[in-house]
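Novice: Numbering (my numbering), first residue to last: 1 to 260. Even glycine gets a Cβ: it sits at the ideal position worked out from N, Cα and C.
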């Protein structure tokens, strides 16, 4: 199946799309809660449009894709919207209003809603009824592989940059012995642990509030860079979409009949 030019291009896009999608899904909430200091409720409210509009985008896509002359156009639009959402989160700051952050999530959800179902539909149309099942399963598996690569690579980058930023801030304040407490980004989410750590740092003669703020800044910078990588992958996906030959959608696929 990988010798089929159309299927190979769609499989590549599945990996790339999974990379960007899971990077955004995993690290945008951490940015909002750990980097921007939102409560779990606020962070959940901001990220909700991303999930909701994946469904809305999929429904809208189903009504649009069969009516446009070039169905491949939906892939270009979807990946472009996903790239725009990632870039929006990259430039996001703590002072940015929540409605604007939610707008970025809406854009990302629509983009994913245009991409995910079309990759499956195009693969099914291209593979034909003989390979319908295996093409669908392989596409889903490759999307998950892309997601695992995205979370692993982005996570490694975020962890390394965050640890480096925190270590530098602690060294400047001669407080390197506190790295074991501040080196884990979870401290920026757990309010009770923060209160305890602030008391300990103050008792030791350090400016705990400043060190926590430095840790937040390190986390924000690290996630921004990680999501910038996801945005680049989404832009590459827009470019790679041109490798998908024009797909002619059929109204109805004939059922597969297995001979006994």
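#1: Fully enclosed by the segment 174–207, which alpha helix (DSSP H) runs are 4 residues long or longer?
#2: Assuming contact is defined by CB atoms lying nearer than 9 angstroms, are residue 35 and residue 212 in contact in what I supplied?
#3: Out of curiosity, what's the CA-to-CA distance linking residue 136 and residue 225?
#4: State the start and end residues of the unbroken alpha helix (DSSP H) segment that holds residue 41.
#5: Does DSSP put residue 92 in a helix, a strand or coil?
#6: Who are the near neighbours of residue 202 in its chain, counting only those whose CB is closer than 7 angstroms to its CB and skipping five residues on each side?
#7: Go through its chain and collect everything with a Cβ distance to residue 158's Cβ below 7 angstroms, but skip five positions before and after it.
#8: In or out: residue 261 buried (at least 16 other Cβ within 10 Å) or exposed?
#9: Residue ranges of each alpha helix (DSSP H) run of no fewer than 4 residues wholly in the segment 90–165, ordered along the chain?
#10: For the segment 150–167 against the segment 45–56, do three or more pairs of beta-carbon atoms, one drawn from each stretch, fall closer than 8 angstroms, so that the two count as touching?
#11: With 16 as the cutoff for other CB atoms within 10 Å, does residue 168 come out buried or exposed?
#12: For the alpha helix (DSSP H) containing residue 5, list its first residue and its last residue.
#13: Hey, how far is the Cα of residue 247 from the Cα of residue 53?
#14: Would you kindly work out how many angstroms separate the C-alpha atoms of residue 112 and residue 78, rounded to a whole number?
#15: Identify whether residue 72 lies in helix, strand or coil by the three-state DSSP scheme.
#16: Could you have a look at residue 240 and say whether DSSP puts it in helix, strand or coil?
Specialist: In short:
#1: 179–182 and 191–203
#2: no
#3: 33 angstroms
#4: 40–64
#5: coil
#6: 208
#7: 27, 222, 223 and 226
#8: This structure does not reach residue 261, given that the chain is present from 1 up to 260, and the question cannot be answered.
#9: 98–127
#10: no
#11: exposed
#12: 5–30
#13: 25 angstroms
#14: 6 angstroms
#15: coil
#16: helix
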